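Going line by line, the protein sequences match chains C and Y. Per our numbering, numbering of the first sequence is gapless, rising by one per residue and ending at 1060. Per our numbering, numbering of the second sequence is gapless, rising by one per residue and ending at 1060. The structure appears below as structure tokens.
There are 2 protein chains.
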Amino acid sequence: MTIIASWNVNSIRVRYGHVENFLNKVDPDILLLQEIKCMNSEFPDFIDQSKYNVTINGQKAKYGVAIIYKKEIDIRIIQIKSQTLESQARVQLIYLKSLNLNILNVYTPNGNPINDPDKIQFKLKWYDELYNLSKKIILSKQDLLIGGDFNVIENIKDAINFQEWENDALGNLQVRTKFRELCFLGLTNLSRIFFKPGQIFSFWDYQRACWERNDGILIDHFLISPKKLQNVKRLEYETNFRGLEKPSDHIPFWLKLNI
Amino acid sequence: MTIIASWNVNSIRVRYGHVENFLNKVDPDILLLQEIKCMNSEFPDFIDQSKYNVTINGQKAKYGVAIIYKKEIDIRIIQIKSQTLESQARVQLIYLKSLNLNILNVYTPNGNPINDPDKIQFKLKWYDELYNLSKKIILSKQDLLIGGDFNVIENIKDAINFQEWENDALGNLQVRTKFRELCFLGLTNLSRIFFKPGQIFSFWDYQRACWERNDGILIDHFLISPKKLQNVKRLEYETNFRGLEKPSDHIPFWLKLNI
DNA sequence: GTGGATTTGG
DNA sequence: CCAAATCCAC
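Printed below as a string of structure tokens:
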């Protein structure tokens, strides 16, 4: 049994206590973190060293991803050779020997404001590069799990009122198409298997009392390749974490594999 | 018996917990606060309303003074008619009916950087106006206590190494002379009665590990008029408060009157 | 609304 | 070093 989790924490320095609680509660084997918002050297020292290791791709102030994984897991960090994907600290690729599985931890560019052509162009280009990288892995007959914050509202039901997002970089049709193209490589979006449309959200904006009004969106996902899909026995979104003191605007979520 | 205390808290919104602890420990009848750093409307609601009242002279972000006093004390707030003293929220004058005593709560301008003529000139002018106000009270045969942060190192022994302060607005000779002229109105500096030179400090800079190296200065005082001097039985500086978590850079201090 | 960087004041 | 403001991104 293996539990793999993901969480956009919106600053690990502010949220490490919540992450500690999540680790204790869910006991994941692997936790993908996004938006750690710090440099590698600033990553707080909260992890139980006897239990977990961590690999960090951080940068100053913005973005930043990290993977916390149990000590007994043998991982290989794979270098990503893409100017676009490496220009900001938004991706990590690891290979798990024990599961024979590649895992991509992603924090997709937001792309707003939509009227800034640089922003949306970078997002589209970034999705293209993620597509190319994923394609290469899949064509080489390897298994792949992509987890993280995709900053896209793929399905109309992934928002209370989708019309409000049509003119936003998260609901933009070009972006949604890029995400769908990524899935069409043969990756299954697990939220589509385990929940019915509109059943869950993963993000509630801090503004406009979105949490109190349950005005959320679903933008955090796991995408998995066919051979491993059959091993997925469970998927949970931990909605409670949005109601904590000083919460992240995203909630953690996790899957369980029977391997 | 009456206890009157004073404390430059360096933000009441950050320090109200410490102030609460101080009130519980010392149980003063009156507490003069300086550098509350907020508007009246932002003053936190931490005071036990059944025990204390508060009068606030605040402003946005900088300076600001307040007086917390026991409910049974009858005070009159006296309007200060001085352009200079009222241009920034640095002074409060109250009259205590029960003790027949005027109390001035002061947060003197810092005056640095010393090479900015506006800053030091304002400080000197401000001291002149404080002198005039105090003189008026004293000449009218009323008793006066001035308490607070005078931002002056009057005595060479009030710093570990006074030479380091000679070129600073706190050790500047003109400023020291202004403070001495204020005392020469007939006010006794209680720290000179209860402690020997160099025995106590009231401020340790956050910078350069001043607290850890005990590199402090004495700049917070009570000045009292002759008739009330005979009633002062005790003076204490609460040095421990500098060692708390998230301390103010100043410590609280208090006097005890046998009336 | 929240977090980070930067600037200003001390 | 610390606190507040302003600005920026999301």
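Cβ coordinates follow ideal geometry from the N, Cα and C atoms, glycine included. Fair warning: this is a prediction, and the values are worked out from it, not measured in the lab.
message = Taking a contact to mean a Cβ-Cβ separation below 9 Å, would you say Leu905 (chain Y) touches Leu894 (chain Y) in this structure?
response = Numbered from its first residue, the second sequence carries residue 905 (chain Y) at position 104. Numbered from its first residue, the second sequence carries residue 894 (chain Y) at position 93. In this structure, Leu894 (chain Y) lies closer than 9 Å to Leu905 (chain Y) by Cβ.
What alpha helix (DSSP H) runs, 4 residues minimum, are completely inside the segment 894-951 of chain C? 918-940
When you compare the CB positions of Thr803 (chain C) and Ile1025 (chain C), do they come within less than 9 Å of one another, or not? Here residue 803 (chain C) refers to the residue found at position 2 of the first sequence. Here residue 1025 (chain C) refers to the residue found at position 224 of the first sequence. For Thr803 (chain C) and Ile1025 (chain C), no; Cβs fall outside 9 Å.
### Task
Could you tell me which of Y:Tyr817, Y:Phe823, Y:Ser812 sits nearest to Ala806 (chain Y), measuring between CA atoms?
Here residue 806 (chain Y) refers to the residue found at position 5 of the second sequence. Residue Y:Phe823 is the option with its Cα nearest to Ala806 (chain Y).
What number of angstroms, rounded off, separates the C-alpha of Ser883 (chain C) from the C-alpha of Ile947 (chain C)? For the purposes of this step, residue 883 (chain C) is taken as the residue at position 82 of the first sequence. For the purposes of this step, residue 947 (chain C) is taken as the residue at position 146 of the first sequence. Separation of Ser883 (chain C) and Ile947 (chain C) (C-alpha to C-alpha, rounded to the nearest whole angstrom) is 17 Å.
* Distance, Glu843 (chain C) Cα to Ile994 (chain Y) Cα -> Working through the second sequence from its first residue, we reach residue 994 (chain Y) at position 193. Working through the first sequence from its first residue, we reach residue 843 (chain C) at position 42. Each residue's alpha carbon lies about 50 Å from the other.
**Asked** What beta strand (DSSP E) runs, 3 residues minimum, are completely inside the segment 1007-1042 of chain C?
**Response** 1021-1025, 1033-1038
Same chain, Cβ closer than 6 Å to Lys861 (chain C), five either side skipped, listed in chain order: The residue labelled residue 861 (chain C) in the question sits at position 60 within the first sequence. Result list for Lys861 (chain C): Met840, in chain order.
**Asked** For Gly999 (chain Y), which residues of its own chain have a beta-carbon under 7 Å away from its beta-carbon, when the five flanking residues on both sides are left out?
**Response** On the second sequence, residue 999 (chain Y) is found 198 positions in, with the first residue counted as 1. Result list for Gly999 (chain Y): Lys958, in chain order.
* Asked: How should Pro1027 (chain Y) be labelled, buried or exposed, when 16 other C-beta atoms within 10 angstroms of its C-beta is the threshold for buried?
  -> As a position in the second sequence, residue 1027 (chain Y) is number 226, starting the count at 1. So Pro1027 (chain Y) counts as exposed.
Quiz prompt | Pair within 9 Å by beta-carbon distance, Ser812 (chain C) and Lys838 (chain C) | solution = By 1-based counting over the first sequence, the position of residue 812 (chain C) is 11. By 1-based counting over the first sequence, the position of residue 838 (chain C) is 37. Yes.
With which residues is Thr978 (chain C) paired in a DSSP beta bridge? Here residue 978 (chain C) refers to the residue found at position 177 of the first sequence. Looking at the DSSP assignment, Thr978 (chain C) forms no beta bridge with any residue, so it has no partner.
Quick check on this structure: which residue in Y:Pro1053, Y:Tyr908, Y:Tyr870, Y:Ile874 has the alpha carbon closest to the alpha carbon of Asp849 (chain Y)?
On the second sequence, position 48 is the one that residue 849 (chain Y) refers to. Closest option to Asp849 (chain Y), Cα to Cα, is Y:Tyr870.
Quiz prompt | The alpha helix (DSSP H) enclosing Asn822 (chain Y), as first and last residue numbers | solution = As a first step, residue 822 (chain Y) is located in the second sequence; it is residue number 21 there, counting from the start. 813-827 is the span of the alpha helix (DSSP H), which, as asked, contains Asn822 (chain Y).
Collapsed DSSP secondary structure at Lys958 (chain Y) in the structure displayed: As a first step, residue 958 (chain Y) must be located in the second sequence, where it is residue number 157. DSSP, read as helix, strand or coil, puts Lys958 (chain Y) in helix.
Exposed or buried, what is Phe985 (chain C) when buried is set at 16 or more other beta-carbons lying within 10 Å of its beta-carbon? As a working note, residue 985 (chain C) is residue 184 in the first sequence. By the 10 Å Cβ count, Phe985 (chain C) comes out exposed.
inquiry  = Just to confirm my understanding: we take Gln835 (chain C), look at its own chain, exclude 5 residues before and 5 after, and list those with CB closer than 6 Å. What are they?
reply    = By 1-based counting over the first sequence, the position of residue 835 (chain C) is 34. Contacts found: Asn809, Val866, Tyr908, Gly949, Asp950.
Point to revise | Alpha-carbon spacing of Glu1046 (chain C) relative to Val815 (chain C), whole angstroms | key: Taking the first sequence and counting its residues from 1, the one referred to as residue 1046 (chain C) is at position 245. Taking the first sequence and counting its residues from 1, the one referred to as residue 815 (chain C) is at position 14. Cα to Cα, Glu1046 (chain C) sits roughly 11 Å from Val815 (chain C).
Practice item. Return the bridge partner residues of Ile868 (chain Y) from the DSSP annotation. Key: By one-based count along the second sequence, residue 868 (chain Y) stands at place 67. In the DSSP output, where bridge partners are listed per residue, Ile868 (chain Y) has Y:Leu833, Y:Thr856.
Note to self: With the cut-off set at 9 Å, would you say Trp1005 (chain C) and Asp1016 (chain C) are in Cβ contact?
What the structure shows: Start at 1 with the first residue of the first sequence, and residue 1005 (chain C) comes out as number 204. Start at 1 with the first residue of the first sequence, and residue 1016 (chain C) comes out as number 215. Yes, the Cβ-Cβ distance between Trp1005 (chain C) and Asp1016 (chain C) is below 9 Å.
Bridge partner(s) assigned by DSSP for Glu888 (chain C): Start at 1 with the first residue of the first sequence, and residue 888 (chain C) comes out as number 87. According to the sequence provided, residue 888 (chain C) is Ser. The question's Glu does not apply to it. Answer is none; Ser888 (chain C) lacks a bridge partner.
Margin query: Tell me whether the segment 969-976 of chain C and the segment 929-937 of chain C touch, counting them as touching only if at least three CB pairs, one residue from each stretch, are closer than 8 Å.
Written below: no
Review point. Quick one: what does DSSP say Ser992 (chain Y) is sitting in, helix, strand or coil?
Key: Here the question's residue 992 (chain Y) lines up with position 191 in the second sequence. Ser992 (chain Y) falls in the helix class under three-state DSSP.
### Query
My guess is that Phe923 (chain C) and Pro914 (chain C) are in contact by the Cβ rule of under 8 Å, so how many angstroms apart are they, rounded?
Translated into the one-based positions of the first sequence, residue 923 (chain C) becomes position 122. Translated into the one-based positions of the first sequence, residue 914 (chain C) becomes position 113. That belief does not hold up - the Cβ atoms of Phe923 (chain C) and Pro914 (chain C) are roughly 13 Å apart, past 8 Å.
Beta carbon of Ile1018 (chain Y) nearer than 9 Å to that of Tyr1038 (chain Y): Along the second sequence, one-based indexing puts residue 1018 (chain Y) at 217. Along the second sequence, one-based indexing puts residue 1038 (chain Y) at 237. Their beta carbons are not under 9 Å apart, which means Ile1018 (chain Y) does not touch Tyr1038 (chain Y) by this criterion.
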